[in-house]
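These notes concern the structure reproduced below.
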Ligand code: NDP
């Protein structure tokens with residue numbers, strides 16, 4: 407176990423990829439704060455699963471877009487488990503649309519979670535990391551930010567491009583303080599996020615279509631992403647920073663791909 411004795415905060419840990427990350431970091435020995443926005447019972451189920459396996463975990467509600475709520479959440483985690491050494495900025499939402507059909511009033515909410523949320527939570531934990539000269543931060547970007555050509559993701563991609571740039575800029579600022587900042591850019595991983603506004607038949611069709619243009623010929627799983635995060639947050643990854651690790655099974659539909 408690589409994270410014995412450390413405290414990890416996983417935003418959006420109640421479902422999907424965040425849930426898999428929370429479970430994986432707990433397996434590595436971390437005490438895990440499982441953040442959620444609305445679905446408290448889902449977060450508590452993740453906590454119960456970790457505790458059932460002999461680990462330590464705590465469900466903590468806060469909208470990451472609300473800086474005040476985030477500060478209170480971090481205070482509670484630190485009282486319960488001690489300082490946060492590992493932060494995974496996973497909470498994210500998507501709203502579909504491209505230039506001509508996107509309801510632009512949706513942009514603010516998406517940016518509030520995907521971008522402001524990341525800034526709020528990072529700010530809330532970083533002074534403690536600086537004081538102890540140690541920290542591991544991993545942000546969830548997306549291959550949409552790398553330039554995939556999937557319809558309906560234009561504006562979501564723009565928020566994730568911001569995540570990728572902020573990752574590199576924060577890494578530059580925090581490196582001298584012993585803190586690494588990286589991102590994981592997942593490919594297609596069926597979760598509630600990808601099911602949103604799609605029927606199960608549509609999800610099956612999209613999964614089949616995207617698997618066919620993926621080198622390993624399958625969709626990703628939340629555990630595939632959690633594995634990459636666990637690598638980046640381990641103490642041994644101290645010489646890896648400012649990187650965007652793409653975990654997409656080898657997607658072939660990037661803009662400018664031949
Ligand atoms: P899900 O929709 O399955 O889960 C989203 C999680 O984020 C939930 O735990 C939800 O909490 C939480 N959340 C949403 N908004 C907020 C908020 N404002 N404050 C706190 N928590 C919030 O998403 P995925 O697991 O699919 O996605 C996880 C991350 O991975 C996201 O950043 C997403 O953009 C990224 N990603 C996903 C891909 C995929 O194919 N699935 C591909 C590329 C990137 P609650 O349960 O309380 O609602």
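Residue numbers (the working numbering): 407 to 664. Beta carbons: idealized from backbone N, C-alpha and C, even for Gly. Every value quoted in this text rests on a predicted model; they were computed, and no experiment measured them.
Check: Does the Cβ of residue 471 lie closer than 7 angstroms to at least one heavy atom of ligand 1?; Outcome: yes
Check: Three or more C-beta pairs under 8 angstroms: does that hold for the region 434-453 against the region 464-481?; Outcome: yes
Check: Please work out which residues of its chain come closer than 8 angstroms, Cβ to Cβ, to residue 412, disregarding the five sequence neighbours upstream and downstream, and give them in chain order.; Outcome: 435, 436, 437, 491 and 492
Check: At a cut-off of 7 angstroms, would you count residue 595 as near ligand 1, judging by its Cβ distance to the nearest heavy atom?; Outcome: yes
Check: Whether or not the region 504-517 and the region 449-460 are in contact is what I'm after, with contact meaning three or more pairs of Cβ atoms, one per stretch, closer than 8 angstroms; do they touch?; Outcome: no
Check: Is any non-hydrogen atom of ligand 1 found closer than 7 angstroms to the C-beta of residue 442, if you look at the structure I gave you?; Outcome: yes
Check: Where does the unbroken beta strand (DSSP E) through residue 534 begin, and where does it stop?; Outcome: Element bounds for residue 534: not the beta strand (DSSP E) but the alpha helix (DSSP H), 523-538.
Check: Using three-state DSSP, classify residue 593 as helix, strand or coil.; Outcome: coil
Check: Give me the Cα-Cα distance between residue 664 and residue 578, rounded to the nearest whole angstrom.; Outcome: Any reading at residue 664 needs caution, since the residue's pLDDT is 49, under 50, leaving its predicted position unreliable; the model's value is listed next. One C-alpha to the other measures close to 33 angstroms.
Check: When DSSP builds the beta bridges, which residues end up paired with residue 425?; Outcome: For residue 425, which the question treats as bridged, DSSP gives no partner whatsoever.
Check: Looking only at its chain, what residues have a beta carbon closer than 8 angstroms to the beta carbon of residue 597, apart from the 5 residues adjacent to it on each side?; Outcome: 421, 422, 423 and 628
Check: With DSSP as the reference, identify every bridge partner of residue 620, one or two as the case may be.; Outcome: 657
Check: For residue 500 and residue 565, what's the separation of their Cα atoms in angstroms?; Outcome: 9 angstroms
Check: Please name the residue or residues paired with residue 545 in a DSSP beta bridge.; Outcome: 495 and 589
Check: Determine contact between the region 590-610 and the region 530-543, defined as no fewer than three beta-carbon pairs at a distance below 8 angstroms.; Outcome: no
Check: Please identify the residue among 634, 432 and 525 whose C-alpha is closest to the C-alpha of residue 476.; Outcome: 525
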